[in-house]
Each structure stands twice: as structure tokens, then as C-alpha cells.
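According to my numbering, the sequence shown is numbered sequentially starting from 3.
Glycine included, C-beta positions come from ideal geometry on N, C-alpha and C.
Every value quoted in this text rests on a predicted model; they were computed, and no experiment measured them.
In what follows, a single structure is set out as C-alpha cells and then discussed.
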Amino acid sequence: MGEEKGKLESIREWVVEHKLRTVGTLWASGIVGSMAYNWSQPNMKTSVKIIHARLHAQALTLAALAGAAVVEYYDHKTGAKAERVAKFLDLNEHHKN
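Here is the structure:
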């Protein structure tokens, strides 16, 4: 159980550090997945397939942004963000010397 929590914690930390990359990746995978699904529908016009793919990706992006906001709120409440900023500032001070 401890290993699973460590793995989830490391994933959460990566997402916190790379929010835009995560949202962009989810958007791109939403477009690709939706296009793949829509192309399996034989009686749908190409323009409708593209519009559906964009709408699905947009919904997925909004969900990812909401998830990033929840993670940001959680970090703010627990003080984890302040610790990360302090660690970052401390690293910058060491590089100046």
C-alpha cells in the first residue's frame, strides 16, 4: 500500500510541475481518440467528425483544467506549494554564489 501511495504521490507531483504539458497531452489524446472513434462511424460527414472531435477534446481539456485547479487548491491548503517555492528559491541562491 505504501508503494502505491508513493507512486500516486510522484504522479501528482509531476502533474503539479507540468500542468500545461498535462493539459496539452490530454487535449491531443482527446482529439486523436475522438477522431478514431468518429471515423468508425460510416454515415457521418467529415466536417461533423472534426467538430465532434474538437468538442470532445474541449470537454476533456476543461476537465483537465478543473483537475489542475483542484490539485493547486490542495497544494495551497497543505502548504506544499510554499515548500516547493522555498526550495526553488534556495536553489537559486546557491547558484548565485
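Check	Outcome
Among the residues of its own chain, which have a CB less than 7 Å from the CB of R14, if the five just before and after it don't count?	V73
Extract the residue ranges of the alpha helix (DSSP H) inside the segment 48-86, only unbroken runs of 4 or more that lie entirely within it.	48-80
Going by CA-CA distance only, name the one from A38, T63, A65 that's closest to I52.	A38
Is it buried or exposed, L100, if we count other Cβ atoms within 10 angstroms and call 16 or more buried?	Residue 100 is absent from the model: the chain starts at 3 and stops at 99.
Note the first and the last residue of the continuous alpha helix (DSSP H) segment covering N40.	21-41
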